[in-house]
Amino acid sequence: MSVGLAGRTVTATRAITTARSTRARRPRSSRKGIPFTILGIVFLAIMVFPVYWMVNTSLQATSGAATATWFPWNPTFAGYQAAFAQQGQNFVSSMIIGLGTVVLTLVIATPAAYGLARFRMRGTKAFLLVLLITQMIPGIVIANALYALFNNVGLLNSYLGLILADSAVQVPFAVLLMRAFMESIPPSLVEAALVDGANDLRAFVSIVLPISRNAIVTAALFTFLGAWGDFLIALTLTSTDAVRPITLGIYNYIGSNVTDWGPVMATSVLASLPAAVLLIVAQRYISAGALGGAVK
């Protein structure tokens, strides 16, 4: 009995000593993390400051961004009223182009990604290499190549032309992203559906698409952001105000409003809102979809 009591005493003493040493080490590790925290705050402030200055200038009735005060003590929404009145059509054009690009890209990329993930075909690696190479081609090269083609078929200065051009840029990335996720889907799920009498299309629609929701949402979000922020393709393929997106509208807006930056900054703030809202709403889908195919 005394031996057992002594053993329990020694064990308890060791546990207390370990707990004390752990508590003693915690403040030291916390102190080591303070410089990194401060450094992170500094970098965050540097990155967020341009956004703050854009919002700050949009709320001030000043003649230039450099003369604006550090805080809008007397805020005014005149710049936003001018932005809505003069750039409203450009917002609508960007929304049509962005949503149309998302629909067309997903219609093409989703079944393509599933086919590359499920079926083992000759030349798959070469095809994937080509998709990767297309991501390295500058956008201006693609825009110049499409200009001659669209000019011959009458797609210049049209929503369809811009949607096709933006989709051509976004499809390869969407295919690579969704294929990485779909490869992690157990083949037994699809095989069970096939055994129950479903064909490949039914299994794709009923099994693969619901499971791949996170990857599809992630691909859709990145596609929309790419189409919404496009400038080079819109600059190359449009020359009229009828289908001018907001990025090109801001570019032309600056040239005619160099003496009044309030409406320009207000337009920039409004152009940033859709991207910010989508990123906040779809944040959990992005993290799950982007990393879904990383670990099998």
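Just so we're aligned, residue 1 is where the sequence shown starts under full-length UniProt numbering, counting upward by one. From the three backbone atoms N, C-alpha and C, an ideal C-beta is built for every residue, glycine too. The model shown is predicted, which means the values in this text are computed figures rather than measured ones.
Put residue i into one of helix, strand or coil per three-state DSSP.
i, result
"residue 24", "At residue 24, the pLDDT of 49 sits below 50, so the modelled position is not reliable; the number obtained from the coordinates is stated separately. In the structure shown, residue 24 sits in a helix (DSSP, three-state: H, G or I)."
"residue 73", "coil"
"residue 367", "Residue coverage of the chain in this structure runs from 1 to 296, which leaves residue 367 outside it and unanswerable."
"residue 277", "helix"
"residue 229", "coil"
"residue 79", "helix"
"residue 265", "helix"
"residue 282", "coil"
"residue 61", "coil"
"residue 116", "helix"
"residue 299", "Here the chain comprises residues numbered 1 to 296, so residue 299 is not present and cannot be evaluated."
"residue 97", "helix"
"residue 138", "coil"
"residue 212", "coil"
"residue 47", "helix"
"residue 121", "coil"
From what residue to what residue does the alpha helix (DSSP H) around residue i run?
i, result
"residue 173", "159–182"
"residue 189", "187–195"
"residue 126", "124–134"
"residue 200", "200–203"
Buried or exposed: which applies to residue i, given that a residue is buried once 16 or more other Cβ atoms fall within 10 Å of its Cβ?
i, result
"residue 239", "exposed"
"residue 136", "exposed"
"residue 105", "buried"
"residue 152", "exposed"
"residue 254", "exposed"
"residue 98", "buried"
"residue 121", "exposed"
"residue 47", "exposed"
"residue 45", "exposed"
"residue 228", "buried"
"residue 177", "buried"
"residue 276", "exposed"
"residue 149", "exposed"
"residue 24", "Residue confidence is low: residue 24 scores 49 on pLDDT, short of 50, so the model does not pin down where it sits. Its coordinate-derived value is still stated next. Residue 24 is exposed by the Cβ-count criterion."
"residue 212", "buried"
Give every residue of the same chain whose Cβ lies closer than 8 Å to the Cβ of residue i, excluding the five residues on either side of it in the sequence, and list them in chain order.
i, result
"residue 147", "156, 236 and 237"
"residue 143", "165, 232, 233, 235, 236 and 237"
"residue 159", "93, 96, 97, 100 and 243"
"residue 209", "110 and 216"
Apart from the five residues just before and just after residue i, which ones in its own chain have a Cβ nearer than 6 Å to its Cβ?
i, result
"residue 112", "175"
"residue 79", "58, 262, 263 and 266"
"residue 87", "249 and 267"
"residue 76", "61"
"residue 117", "179, 182 and 183"
Apart from the five residues just before and just after residue i, which ones in its own chain have a Cβ nearer than 7 Å to its Cβ?
i, result
"residue 54", "265, 268 and 269"
"residue 223", "101, 102, 105, 170 and 174"
"residue 72", "56, 59 and 60"
"residue 134", "172"
Using a C-beta cutoff of 8 Å, does residue i count as contacting chain C?
i, result
"residue 170", "Of the chains in the structure shown, none is chain C; there is only one protein chain."
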